[in-house]
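Student: Quick one: the structure is below, questions incoming.
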Amino acid sequence: MILYLRLFVCVRVCVRARARLHVRVRVRVCVCVCVCVCVCVCVCACACVCVCARETQEALHRIVSTLANKNAELRSFLETVDVTLSGLQDESWQVTSQLEAELERLRAALEEKGAELRGAIREEQHRKEAELQVNTLLCAGSPASLYFLFNPASFHPVARVTMAPAFRLTTRPAANQSMACFMTDFSQEEAGLRRLHFLPVPRPPEVDASSCLVRDNVVTVAWRPVADGDGDGERIERYDLEFRKTNDDSGERSDACWERISNIRANEFTITGLKFDSPFISVRVRAANKAAAGDFCQPVTMETRAFSFGLDAASSHPELQVDGDTVSWQPLGVKGHDGRLRAKESGSSRSATPSPNKTAASRAARERFAGDSYTVLGDQEMSGGCHYWELRPLADWKSFSVGVAYRSALGRFDQLGKSAGSWCLSAGQWLQSSLAAKHNNRSKALDWPLPQRIGVCCDFDNGSLLFVDVDRPRLLHSFRARFTQPLVPAFTVRSCCCYCALSPACSTHTHTHTHTHTHTHTHTHTLLF
């Protein structure tokens, strides 16, 4: 029994101790939680303070930067104001000096004119005074003659005299006192002087689009001045014309800069030396007088209808070196077509033999034509419309061909006119002059003198290809065909060396016309404009 009591007491003591332990643990946990919460609150507060400080610092930095920029702008503005003020003072002094000079010229002109008029009056006065003085001298001796006639003894000897000199004297003065012919009325001039004012700035002229002409790489621009009641049109001394090429029919967007032609005296000007390589050209004009130039008029955009093409280097013969708009013929000789032979001469046969994988594309492009097919094609295709270009050989040319072809119809060794997809006109003067039209390996000799300029007109839609002698307006030959593929201009030069430069032109007739002049120089120097 006693044992049970002792065990019960021990259990109660343990329970009480455990309860006290739980209370202490709970207190400790609450204290830890409170401490953690306080720490978190402090950390959040610090973070908020840091964020606010950073935002405040950034805002202050932005404000300081803005103030610095404003300060720089204000300084720049003050400098601009100072420069403007200085320029205003200089300009005011200049125009004031010019005004004083003009007024001095007016005063000098008035003094000169007044001296001239006063001189005329004095001259007339002296003339009339001299005539009246003569009358006075003549009349001074008349009383003595009359007294001599009153004496009867002296009268009889002169009785037969019908009239004495005294009777022949006139009593009318030789000059009158009137000076009415020298009266002046400067009321109109005075009104003109009162209307004197500063020289007005001319108003922008009006471009007369109906009188403008665009053709053959030449643009003729006509305009008319706009005069108001003050007669600004009579004050215009010169015009300035600006033009630029554009791809936009409105003329507002263009990467090209305005090109200016100044000091034009007439109301019309022809711009030459152009290259119609853009669909449109914009022009604008301004008038200028003695002191200032007015504003430019609104740009007027005119369509050039240009068919602009260059020389396709990828399709040219390997002996034709094409650089932009130029092509030169540089013969490679027998060894020139074999890279291994060239490498043997230089001692590096391995490097001279190109890898088939690396040069397949370049070989397919550069050796498009080979052998005797010294051909170069245009880089623009014709799939519709009517197009025109010209070829002009120079003095010492030897042989050339010009025409059109399907790009895919010519093989590497095919020449113009020897395939079903090419049409050309060939001219040569090796041993004798020859002119022939060629197509599908058929040649037709033409009994015409060699033209100095050949025009090619290709009407894709109607299936016609015309070759024209431009200098002697006549048709050399015409082809009729149904074109099933896009065409490209094609040229062949067979001679020692060749130089080509392309510059298309056009005409603003019903069709799109482009002039491409091909010149062949000594040993076939070919120049294409």
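Numbering (full-length UniProt numbering), first residue to last: 1 to 529. Built from N, CA and C at the ideal position, the CB exists for glycine as well.
#1: What does DSSP give as the partner residue(s) for K444 in the beta ladder?
#2: Am I right that F268 and T304 are in contact with their C-beta atoms under 8 Å? What's the rounded C-beta distance?
#3: Tell me, to the nearest whole angstrom, how far the beta carbon of F400 is from that of T270; I am working on the premise that it is less than 8 Å.
#4: Where DSSP assigns a beta bridge to P489, which residues make up the other side?
#5: Looking only at its own chain, which residues have a Cβ that is under 8 Å from the Cβ of W223, when we skip the five neighbours before and after it?
#6: What does the Cβ neighbour count give for A372, buried or exposed, with the cut at 16 atoms within 10 Å?
#7: Check whether the Cβ atoms of Y388 and Q485 lie closer than 8 Å to each other.
#8: Is it true that the CB of C386 sits closer than 8 Å to the CB of D469?
#9: Of all the options E58, C40 and E91, which has the alpha carbon lying nearest to the alpha carbon of A291?
#10: I need the DSSP call for S346, collapsed to helix, strand or coil.
#11: Specify, as a first and last residue, the run of the alpha helix (DSSP H) that A291 falls within.
#12: Measure the Cβ-Cβ separation of L416 and K398 and say whether it is below 8 Å.
#13: Whose C-beta lies closer than 7 Å to the C-beta of Q177 among residues of the same chain, with five residues either side of it excluded?
#14: Is L110 near A175, with beta carbons less than 8 Å apart?
#15: Give a yes or no on whether the C-beta atoms belonging to Q429 and L450 are separated by under 8 Å.
#16: Using three-state DSSP, classify N263 as helix, strand or coil.
#17: If S421 and V488 are in contact, beta carbons under 8 Å, what's the gap, nearest whole angstrom?
#18: Let's see if you can read the secondary structure: which residues bound the alpha helix (DSSP H) around A191?
#19: In whole angstroms, give me the CA-to-CA distance for V300 and G310.
#20: For the beta strand (DSSP E) holding M302, just list the boundary residues, first then last.
#21: Please state the DSSP three-state secondary structure of H477.
#22: Reducing DSSP to helix, strand and coil, say where K128 ends up.
#23: Could you spell out where the beta strand (DSSP E) holding G417 opens and where it closes?
#24: Which whole-angstrom value is the C-beta distance of K245 and S278, which I expect to be below 8 Å?
#25: Look at the alpha carbon of C34 and the alpha carbon of V41, and state the distance between them as a whole number of angstroms.
#26: Which residue comes first and which comes last in the beta strand (DSSP E) that contains E242?
#27: Could you spell out where the beta strand (DSSP E) holding F467 opens and where it closes?
#28: Is it buried or exposed, V37, if we count other Cβ atoms within 10 angstroms and call 16 or more buried?
#29: If you follow the beta strand (DSSP E) that D323 is part of, which residue opens it and which one closes it?
#30: Where G384 and R215 are concerned, what is the direct C-alpha to C-alpha distance, given to the nearest angstrom?
#31: Can you say whether G347 is buried or exposed, counting buried as having 16 or more other CB atoms within 10 angstroms of its CB?
#32: For R235 and R127, I'd like the C-alpha separation in whole angstroms.
#33: Secondary structure at E381, three-state DSSP: helix, strand or coil?
#34: Please state whether DSSP places W258 in a helix, a strand or coil.
Tutor: So, to answer that:
#1: According to DSSP, K444 bridges with A437.
#2: A small fix is needed here, since residue 268 is Glu in this sequence, not Phe. In fact, because the Cβ distance is near 19 Å, the residues do not count as touching under 8 Å.
#3: Rounded, the Cβ-Cβ distance is 31 Å, inconsistent with contact.
#4: Its beta-bridge partners are V404.
#5: Around W223: P205, E206, V207, D208, Y239, N267, E268, V285 and C297.
#6: A quick correction: the sequence has Asp, not Ala, at residue 372. So D372 counts as exposed.
#7: The criterion of a C-beta distance shorter than 8 Å is not satisfied by Y388 and Q485.
#8: The criterion of a C-beta distance shorter than 8 Å is not satisfied by D469 and C386.
#9: The residue with the shortest Cα to Cα distance from A291 is E91.
#10: Any reading at S346 must be qualified, since the residue scores a pLDDT of 40, below 50, and its modelled position is unreliable; the value itself is stated next. Correct three-state label for S346: helix.
#11: From DSSP, A291 is part of no alpha helix (DSSP H); its letter is neither H nor E.
#12: Contact flag unset, no.
#13: Excluding residues within five positions, none has a Cβ falling inside 7 Å.
#14: Their beta carbons are not under 8 Å apart, which means L110 does not touch A175 by this criterion.
#15: At the C-beta level, Q429 and L450 come within 8 Å of one another.
#16: Reduced to three states, the DSSP call for N263 is strand.
#17: With the sequence shown as reference, residue 421 is identified as Gly, and Ser is not the correct amino acid for it. 11 Å between Cβ atoms; not a contact.
#18: Taken as a continuous stretch (DSSP letters only), the alpha helix (DSSP H) holding A191 covers S187 to R194.
#19: Answer to the nearest angstrom: the Cα atoms are 28 Å apart.
#20: Counted as a single uninterrupted DSSP element, the beta strand (DSSP E) harbouring M302 occupies residues V300 to E303.
#21: In this structure, H477 counts as strand in the three-state DSSP scheme.
#22: In the three-state scheme derived from DSSP, where H, G and I count as helix and E and B as strand, K128 is classed as helix.
#23: Counted as a single uninterrupted DSSP element, the stretch harbouring G417 is not any beta strand (DSSP E), since DSSP gives it neither H nor E.
#24: Going by Cβ atoms, the distance from K245 to S278 rounds to 4 Å, so yes, they are a contact pair.
#25: Going by the C-alpha atoms only, they are around 10 Å apart.
#26: In the DSSP assignment, E242 falls within the beta strand (DSSP E) that extends over R238 to T246.
#27: Under the DSSP assignment, F467 falls in the beta strand (DSSP E) whose first and last residues are S464 to D469.
#28: Burial call: exposed.
#29: Start and end: L320 to D323.
#30: G384 and R215 have their alpha carbons spaced roughly 20 Å apart.
#31: In this predicted model, G347 has a pLDDT of only 41, less than 50, meaning its place in the structure is not dependable; the value taken from the coordinates is given anyway. So G347 counts as exposed.
#32: Their Cα atoms are separated by approximately 44 Å.
#33: In the three-state reduction of the DSSP assignment, E381 falls in the coil class.
#34: W258: coil per DSSP, three-state reduction.
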